[in-house]
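Chains as they are written, first to last, in this note's numbering: chain U, 1 to 376; chain D, 1001 to 1389.
Ideal placement from N, C-alpha and C gives every residue a C-beta, glycine not left out.
Nothing here was measured: the structure is a model prediction, and the numbers come from that model.
Worksheet: one structure, shown below.
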Amino acid sequence: MRVYLDNSATTRPSERVVQAVARSMQTAYYNPSSLYKPAMEVEKEIASFRAILSCHDHVYFTSGGTEANNIAVFGNKPQTGHNGRILCSAVEHPSVREACMAMKRHGRRVEEIPVTQEGIVDLECLETMLKEDTVLICVMHVNNETGAIQPINEMIALRDRLAPMAGIHVDGVQGFLRVPLDLSNIQSYAISAHKIHGPKGIGALITKKASKPRPFTYGGGQEEGVRSGTENTPGIAGFKEAVMAYPAEANSRMHALKITLYDRITQAIPHSRLNGPEVTDKRGAPHILNMSFTPVRSDTMLYALEGEGVYVSGGSACSSGKSKLSQTLKAMNTPRSDAECAVRFSLSKDTTREEIEYAAEAVIRQYRLLSRYVRR
Amino acid sequence: MGPLLLIRYGEIFLKGLNRPYFLKALQQNIKLAIADEGARVWLSDSRFYISGAADINACALKAAKVFGVHSVSHAFEMAKDDYQAICDKALELMRGKTGTFKVQARRSDKAFFKDSPQINAELGEHVLKRMPHLSVDVRHPDTILSVEIRDHCYLYTDVIPAVGGMPSGTNGRATLLLSGGIDSPVAGYLIAKRGVKINCVYYHSYPFTGDRVREKVINLAGKLSEYSGEVQLSVIPFTRIQTQIHEKCAEAYTTLIMRRFMMRIAAALAVKNNAQALVTGESIGQVASQTMEALVLTDALVPMPVFRPLIGLDKQEIINYAQKIGTFDISSLPYQDCCTVFTPRHPVTHPQKDHVELAERVLDTQSLIDDAIEGLEVITVNAYTKEDA
């Protein structure tokens, strides 16, 4: 049996998405900027998808979540002074964190907002950090490693009270469609298609009309000049199909399966540690479960589970080539010994109960086998 | 006539009556290294020549990696009897050059109508007259215009240093203990450079080490094969041995006992593959298992010499080598190669033979070794025949 539980890394595109991409390439391959009718049809298709994503805001298509986050950080045009402070949560994805760090190297004032042991932004700390000179607050909707849902609404309230000129950029790559969020009071929201069964290489930055970012790539002026380059029409077609086909009821089903997975494992391995909010807590996303099976190291468990046909990740897939400990777990003050043993299970709309039960059995079996061979 | 590569060999010059044996091996190795270039390789008057390559620059780089090659030049082959054409070609080669130059003639055909000093002076003058922006410096010139008078005349201005050493396969066979680390590929390179045909053994401890490490080791073997030709990599399943050691042996001795198993298995494979020696990347005192006492205790087990070419090098010196031969970036990938799970916190650094043997006695050594060898997988790695090579 093959069980794919690495859906936060990427998801399997649905058949409808594959067909939409193929159709776009085979019959609707026209450049949307051209003047003839078939090109106009393509342009209309894109426009209709922009309206679906947000009818009140700008929607800039990008090559994915990373680019969308980069545009949001580098392209941010502060309403007040140019050297205002940027706040960035301590558990941001590298595409936000590294962008902020680059700003810091260029002389901008960047500060990190600490998180609680559950990986949720510490609102008390944020309250002391927010000043009138704050121009941008970067926070992710759902943490990619722990599934922690960040308190965006509470952050908005604090911002309104203490730093009313600051924009809030939300990295929605892991939250989009899976956790509801009202976009009306944030400045921008980054999304990516391949995390919701769409194709890779396409994402978007949704921004407030008043917060148009500075141009990121220069050229033919597409995407209102923010991101020049011929539109990735097959990607957009696949993205649209993925959004339209995403079943609303999937989230409650995933959440129930996540609880089952957690319960099965903890019954057999009571010493396992949950990294992130409690599984029944509303502050946890329905599709991500992060646990440490100390003393079995992440990579050993990953390889062992792979041998059982179960695919999971240690940290986020983007950083799995690096030997460093997870920044997120570090920021949560997770003990090093537990952080080294963290495994992330991430579910999708397609995950079945049978798969979850098989995965739980595999984890338990491998834990019993491998926990005997630990550094003494 | 026309452009070709001129290849000089190094130490083979020192050989006496058996020189043809080494030259034949070198020619064969060059042919294998550039097999996909569709080129012709021949030996004439102490030089190898390559012509007709699909991509002459790529071909030069490949040839420069063949052990036994001293240097490579992009040369032009000319008829000896048309001196004017030689002068014209000299001008053509010097076009675009700036600064200082000298002409360096070498006349092995003593019947040629001008001797070397004459050629130097005349060609130098010919170039200077037409390119007055250049000047002559016979001690430290920016450009050396070389002219070799052999069966034909050869002109060139570049000399690409090659790896040197002896042709692969002319100095016996050895088995290299290859991990994914920095040291062992360098050790393999240095021994292979002396003409030793290397085969490699890698110990795989799934699930404590995964396929990424295996792939990394295959890539390291591939890098070695760019220099020495086809490499056989034996992947030995090592999990059972490691877990047995961990479960049954005194903790302080586990690393040393593991090393002893590795040496025993490598020696058995060496015998099987007709190799006469083992090669390891050990450097004295680098880690606990590489102290003098530990090395003595691993050496004592095998009925053949163990070559440790890095034994006197510091880590930085080894890294410099690894960077030079192109293995460093592969070795630096983070996937752990020798499971740190099993590393004891306080390994014994001055082990005594009777203590180690006592600690080892609880294991059924021979049966563990036999089982491991039974499960071996042999992978043939050949950089020359890779599609993208």
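Which residues mark the beginning and the end of the beta strand (DSSP E) in which R85/U is found?
85 to 89
What number of angstroms, rounded off, separates the C-alpha of P1334/D from the C-alpha of D299/U?
11 angstroms
State the Cα-Cα distance for the pair S1234/D and P1207/D, rounded to the nearest angstrom.
18 angstroms
Run through chain U and tell me which residues come within less than 8 angstroms of P1347/D, C-beta to C-beta.
Ordered by position in chain U, no residue passes the 8 angstroms Cβ test against P1347/D, which lies about 12 angstroms from the chain.
CB contact check: P1237/D to chain U, cutoff 9 angstroms
no
Cβ distance (whole Å) where A1252/D is taken to contact H1346/D below 8 angstroms:
6 angstroms
S34/U versus M40/U - alpha carbon distance:
Each residue's CA atom was taken as its position, placing S34/U and M40/U some 7 angstroms apart.
Considering only the alpha carbon of each residue, which of K1065/D, H1133/D, E1122/D lies closest to S1168/D?
When only C-alpha atoms are compared, the closest one is K1065/D.
Based on the DSSP secondary-structure assignment, which residues constitute the bridge partners of D6/U?
According to DSSP, D6/U bridges with S346/U.
Chain U residues whose Cβ lies nearer than 8 angstroms to that of Y1253/D:
In chain order: nothing, as chain U lies at least about 13 angstroms away.
How should S320/U be labelled, buried or exposed, when 16 other C-beta atoms within 10 angstroms of its C-beta is the threshold for buried?
With a pLDDT of only 48 at S320/U, under the threshold of 50, the placement of this residue in the model should not be trusted; the figure read from the coordinates follows. Per the 10 Å Cβ criterion, buried.
Measure the beta-carbon distance from R1274/D to R1173/D and round it to whole angstroms, keeping in mind my assumption that it falls under 8 angstroms.
Here residue 1274/D is Asn; the residue named in the question, Arg, does not match the sequence. Sure, about 6 angstroms apart at Cβ, within 8 angstroms.
Which of helix, strand or coil DSSP assigns to C55/U
In the structure shown, C55/U adopts coil according to DSSP, grouped into three states.
Where the beta strand (DSSP E) through C341/U begins and ends:
C341/U -> no beta strand (DSSP E), and no H or E assigned at all.
Within 10 Å of its beta-carbon, does S1283/D have 16 or more other beta-carbons around it, so buried, or fewer, so exposed?
buried
Kindly indicate which three-state DSSP category P1185/D falls into: helix, strand or coil?
Annotated three-state conformation of P1185/D is helix, per DSSP.
Please determine, among R12/U, G221/U, I120/U, S313/U, the residue with the shortest C-alpha to C-alpha distance to S292/U.
It is S313/U.
State the beta-bridge partners of K1062/D as determined by DSSP.
Per DSSP, none; premise fails for K1062/D.
Residue burial classification, K44/U (beta-carbon count within 10 angstroms, cutoff 16):
exposed
For the beta strand (DSSP E) that contains P1003/D, what are its first and last residues?
1002 to 1009
Simplified DSSP assignment, three categories, for A1300/D:
coil
If I measure Cβ to Cβ from N76/U and keep anything under 6 angstroms in the same chain, skipping five residues before and after, which residues do I get?
L136
Helix, strand or coil at F1113/D [DSSP, three-state]:
coil
Give a yes or no on whether 9 angstroms exceeds the smallest Cβ distance from Y1335/D to chain U.
yes
Could you give the distance in angstroms between the alpha-carbon of K1089/D and the alpha-carbon of A1025/D?
34 angstroms
Between Q327/U and chain A, is there a C-beta pair that is closer than 9 angstroms?
Looking for chain A here will not work: the only protein chains present are U and D.
Buried/exposed call for F1113/D, threshold 16 Cβ in 10 Å:
exposed
Check the Cβ-Cβ distances between H1246/D and every residue of chain U, and say whether any is below 9 angstroms.
yes
Near-chain U residues of the segment 1183 to 1216 of chain D (beta-carbon distance less than 9 angstroms), N- to C-terminal order
Y1206, P1207, F1208, T1209, G1210, D1211, R1212
Helix, strand or coil for F1101/D, going by three-state DSSP, please let me know.
strand
Using a Cβ-Cβ cut-off of 8 angstroms (strictly less than) and excluding sequence neighbours within five positions of G238/U, which residues of its own chain qualify?
P13, V17, V18, A20, V21, S24, A193, G198, P199, I202
Taking the straight line between their C-alpha atoms, what separation do you get for A317/U and S326/U?
Only weak support exists for where A317/U lies, its pLDDT of 48 falling under 50; the coordinates are left without a value.
With a Cβ-Cβ cutoff of 9 angstroms, do T351/U and L126/U count as a contact?
Result no, Cβ atoms of T351/U and L126/U do not sit closer than 9 angstroms.
Under 9 angstroms between C-beta atoms, does L302/U make it to chain D?
yes
Whose Cβ in chain D lies nearer than 9 angstroms to the Cβ of D299/U?
P1207, F1208, T1209, G1210, R1212, Y1335, Q1336
Across the segment 1093 to 1100 of chain D and the segment 1125 to 1136 of chain D, are there enough close Cβ pairs to call them in contact, namely three or more that are closer than 8 angstroms?
yes
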